[in-house]
Amino acid sequence: MNELMAARSLTTRPVVTLGGDAVAQVKDTVFDAEAGRITGFTLSGRGLLSGPLRQSLPWSAVHALGHDAVVIRDRRELADTAAVVARREAAQGRVLGARVLTDAGADVGTVLDVVVEGGDSGRVVGFRVAASKDLAPGSRRRRRQVYVPRGETLAVSGRALVMPADAVRHVVGGLAELAALTGGGPGRRSGPESGEGPLS
Amino acid sequence: MTFFSELRGLPVLTVTDAAELGEVRSLTVDAASGTVTHLRVRGRRPRRETVLPWAAVHAVGPDAVLVRSADPADPAPPPHDPVDRRVLTDAGDERGTVRDLAFDPGTGRMRSVVTTLGEIPADRLLGLGDHALMIRAG
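Order-wise, the sequence lines are chains A and B. The first sequence: position 123 = 122 (numbering that gives the first Met the number 0), numbered continuously. The second sequence: position 138 = 137 (numbering that gives the first Met the number 0), numbered continuously.
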């Protein structure tokens with residue numbers, strides 16, 4: 000039912016009230032320090048000439064994160080950017096570009112994007128990773144991109160994520176496979192919208 | 000039951016003195032309560048738009064709409080035309096665009112919204128804004 004989305008693809012998605020008014024668009028997605036959940040979004044105005052907004056959107060004000068819009072209950076629930084962004088330097092800046100290592104010390108690759116679940120959970124389900132040579136051997140000139148499920152045990156520190164070595168067995172090639180893997184049970188995420196391929 | 004598409008372009012006259020105000024341009028709806036609230040009339044000369052409360056409508060016939068009074072609604076409602084507006088569920092997923100509205104001309108009560116992807120009963124409508132007609136996901 001709930002579609003998986005790459006956090007970078009959320010940029011420019013409209014923020015719409017339940018009354019149908021577009022009040023802003025997403026600029027950046029902000030995660031908590033464990034990179035386990037979305038804590039909110041920074042915003043920019045709608046249209047070509049509008050810049051960043053002073054207000055941000057805390058996750059608590061989000062009704063649903065959808066394929067075509069972020070739906071909020073009320074525009075009065077937008078918060079001062081400082082309230083949402085205080086954690087941003089410590090979280091998102093660290094996740095994108097961070098190295099991914101197994102707890103056995105093997106290099107998995109570097110984080111290109113964060114995969115989140117649509118709906119009202121705000122859950123981070125995995126990462127899009129530029130795979131290291133060890134993980135994706137072969138003669139391809141371009142390094143392969145893989146999706147790594149987040150799992151329950153993940154250490155985020157400094158410039159690296161450390162994941163259990165056995166989680167590497169679950170590395171998959173596309174968002175649809177990641178959805179099947181993180182769905183928790185057959186059919187839970189088998190809606191027509193779960194079949195998105197990799198974004199690039 | 001009437002479809003908005005049957006009304007569009009019909010002449011609007013006052014029932015008391017048969018003065019022609021113009022033609023039906025669009026409707027204003029209150030999505031949350033599922034009712035048609037206003038009639039937008041475009042004058043022929045001058046081409047000025049008048050917004051009449053739906054309560055002023057006396058009769059909707061096949062060839063004309065008769066109104067009791069030409070007094071404009073006060074305050075004027077927000078200028079969101081439901082037709083051609085995108086449809087968005089409260090889960091944030093688009094569901095086509097609005098093509099037509101079916102409603103009871105006597106009470107203004109809406110029965111359904113006809114979209115490019117099918118018909119949506121009026122009790123699923125949540126709100127109409129500058130971006131979209133919001134509906135309950137179902």
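Where a beta carbon is used, it is the ideal one built from N, C-alpha and C, also for glycine.
Under DSSP, V124 of chain A takes part in no beta bridge, so it has no partner.
By the beta-carbon neighbour count (other beta carbons within 10 angstroms, threshold 16), S55 of chain A is buried.
For L9 of chain A, there is no enclosing beta strand (DSSP E), as DSSP gives it neither H nor E. At a cut-off of 8 Å between beta carbons, G18 of chain A contacts chain B. Close partners of V70 of chain A in chain B (Cβ separation under 9 Å): L87, T88, D89, A90, G91 and M133.
Boundaries around L42 of chain A are those of the beta strand (DSSP E), I37 to S43, since no alpha helix (DSSP H) includes it. If you draw a straight line from the Cα of R7 of chain A to the Cα of T28 of chain A, it is about 8 Å long.
By the beta-carbon neighbour count (other beta carbons within 10 angstroms, threshold 16), R75 of chain A is exposed. Against chain B, a Cβ distance below 8 Å from V15 of chain A picks out L87, G91, G128, H130, A131 and M133. The shortest C-alpha to C-alpha distance from H62 of chain A to any of A:V14, A:D112, A:A82 and A:T109 is the one to A:V14. Within chain A, the residues L17, G18 and G19 have their CB atoms less than 8 Å from the CB of L125 of chain B, given in chain order. A buried status is given to E116 of chain A, since no fewer than 16 other beta-carbon atoms sit within 10 Å of its beta-carbon. Here the stretch 63–73 of chain B does not lie against the stretch 124–133 of chain B, with fewer than 3 beta-carbon pairs under 8 Å apart.
Looking at B:P71, B:I119 and B:L38, the one whose alpha-carbon comes closest to that of V59 of chain B is B:L38.
Of all C-beta pairs linking the stretch 160–170 of chain A to the stretch 97–105 of chain A, three or more are shorter than 8 Å, placing the two stretches in contact. Three or more beta-carbon pairs separated by less than 8 Å link the stretch 72–83 of chain B to the stretch 39–53 of chain B, which places the two stretches in contact.
At least 8 Å separates the beta-carbon of G65 of chain A from that of A54 of chain B. The shortest CA-to-CA distance from V70 of chain A to any of A:V155, A:T38, A:R127 and A:D119 is the one to A:D119. Within the same chain, and ignoring the five residues on either side of T96 of chain B in sequence, the residues whose Cβ sits closer than 7 Å to its Cβ are D83, R84, R85, V86, T114 and T115. For the stretch 27–97 of chain B, the full-length beta strand (DSSP E) segments reaching 3 residues or more read 34–41, 48–52, 56–59, 64–66 and 85–88 along the chain. Neighbourhood of L64 of chain A in chain B, by CB distance below 8 Å: G91, in chain order. Short of 8 Å from the beta carbon of E176 of chain A, and not among the five residues preceding or following it, lie these beta carbons of its own chain, in chain order: Y146.
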